[in-house]
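One structure below.
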Amino acid sequence: YNVLESMKINNVKNIVLPSSCTVYGEAEVTPIPENYGPMIPVSLYGASKLASEGLITAYCSMFDMNAWVFRFANIVGSRSTHGVILDFINKLRNNPDELEILGDGKQTKSYLHINDCLDAILFAVEKTNDKVNIFNLGCEDWITVDRIAEIVVEEMNLKNVKFRYTGGSRGWKGDIPRIMLSIRKIEKLGWKPRYNSEKAVKITAESLIKEAGWQ
5 YNVLESMKIN
15 NVKNIVLPSS
25 CTVYGEAEVT
35 PIPENYGPMI
45 PVSLYGASKL
55 ASEGLITAYC
65 SMFDMNAWVF
75 RFANIVGSRS
85 THGVILDFIN
95 KLRNNPDELE
105 ILGDGKQTKS
115 YLHINDCLDA
125 ILFAVEKTND
135 KVNIFNLGCE
145 DWITVDRIAE
155 IVVEEMNLKN
165 VKFRYTGGSR
175 GWKGDIPRIM
185 LSIRKIEKLG
195 WKPRYNSEKA
205 VKITAESLIK
215 EAGWQ
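This is how it looks when you write it as structure tokens:
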């Protein structure tokens with residue numbers, strides 16, 4: 005709200021919102037298109053992103069602004085400060101023999117490398133000029149949490165690591181166990197990610213392991 009009010013006062017017309025796939029909640033279709041509805045978030049994070057989208061679209065309508073809203077899949081890349089990959093690395097540094105995995109390890113999601121994400125944002129802003137431009141950003145594939153754990157273990161050159169599950173289909177309250185976004189809309193404009201979900205996770209794991217100083 006404060007940013008939008010400042011834009012209105014200072015006659016700034018364009019805004020980019022990093023939104024999230026969590027706005028869709030537990031959608032009944034896969035992959036999920038941008039026009040899917042109703043959107044019923046199951047987490048406070050998803051609800052806050054959806055509320056932000058609504059506020060921005062209202063300002064665009066009322067005060068002649070333009071917006072680009074990007075609903076991200078799970079973004080990964082070097083210098084990450086949180087996320088499943090870094091969580092696994094830190095846990096394995098503390099105990100190389102056992103890895104705790106939240107949920108049942110079957111959670112299945114898409115992952116997008118940060119470089120692909122930034123390229124897509126710049127591409128879409130340049131190619132579109134509607135009052136409100138909404139795009140999903142991700143990969144039309146997915147990877148399980150179990151597979152991410154295997155990749156991290158492989159990249160750390162560990163052997164015979166025991167996986168210990170906390171149980172249940174969700175890793176935490178508000179977690180969406182299975183989600184993949186349709187990226188047909190931005191693909192039609194000519195953009196595609198360079199890396200699929202598994203490659204994005206692998207590249208990120210390599211970078212974060214080096215940053216952690218693991219030998």
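Take 5 as the starting number for the sequence shown in the numbering used here and just add one per residue.
A virtual CB, placed ideally from N, CA and C, is assigned to each residue, including glycine.
Asked: For Ala-204, count neighbouring C-beta atoms within 10 Å of its own C-beta (all shown protein chains included) and say buried if the count is 16 or more, exposed if not.; Found: buried
Asked: Using the three-state DSSP reduction, which class does Arg-83 fall into: helix, strand or coil?; Found: coil
Asked: Using 10 angstroms around the beta-carbon of Pro-35, count the other beta-carbons present and answer buried if the total reaches 16, otherwise exposed.; Found: buried
Asked: Look at the alpha carbon of Gly-58 and the alpha carbon of Asp-101, and state the distance between them as a whole number of angstroms.; Found: 47 Å
Asked: I'd like the list of long-range same chain contacts for Lys-12, defined as Cβ closer than 6 Å, with 5 residues on each side in sequence excluded.; Found: Phe-67
Asked: State the beta-bridge partners of Thr-148 as determined by DSSP.; Found: Thr-112
Asked: Quick one, which of Lys-189, Asp-150, Ser-52 has its alpha-carbon nearest Val-88's?; Found: Asp-150
Asked: By the three-class DSSP mapping on this structure, what secondary structure does Leu-162 have?; Found: coil
Asked: Under DSSP, the alpha helix (DSSP H) around Glu-32 begins and ends at which residues?; Found: That residue, Glu-32, is in no alpha helix (DSSP H); it is neither H nor E in DSSP.
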